[in-house]
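Report on the structure given below.
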Amino acid sequence: MTVTTVSIRLALKKIAEITCGIAPSVIHVQAIGDPTRRVYAASIPWEYRAEIHSYLAQHLAISVQKNALILSSEQAEAVVNLAMRHLEDQATGL
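For the sequence shown, position 46 matches number 47 in the working numbering, and the numbering has no gaps at all.
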């Protein structure tokens with residue numbers, strides 16, 4: 002699966018909706034580095050940050066340092082897949 006800043010942003014919004022009951026209007030995601038060693042930096046509003054970070058730690062063992070969420074390409078793909086699985090479970094009524 003190709004991961005983009007948009008897919009990461011939408012996944013993080015979905016995770017915020019799951020954990021907080023509402024999604025933030027803005028989450029900024031920036032791709033850093035060349036395509037072979039890309040990392041993604043996400044800026045999550047403080048009102049949602051603790052819940053999203055806790056959810057990612059629980060479900061993907063992603064630990065977050067400080068305020069910025071920095072994801073490797075593999076971690077970003079895992080975040081998108083996690084949100085997609087939740088959407089699929091909702092669609093099938095699980």
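Beta carbons are placed, not taken as given, at the ideal position from N, Cα and C, and that holds for glycine. This one's a predicted model, so the numbers in the text were calculated from it and none came from an experiment.
The three-state secondary structure of residue 19, taken from DSSP, is helix. In its chain, beyond the 5 residues on either side, 79 have a beta carbon closer than 6 Å to the beta carbon of residue 61. Going by beta carbons, residue 32 and residue 41 fall inside the 8 Å limit.
Residue environment for residue 53: buried (at least 16 other C-beta atoms within 10 angstroms of its C-beta). Rounded to the nearest angstrom, the gap between the Cα atoms of residue 92 and residue 85 is 11 Å.
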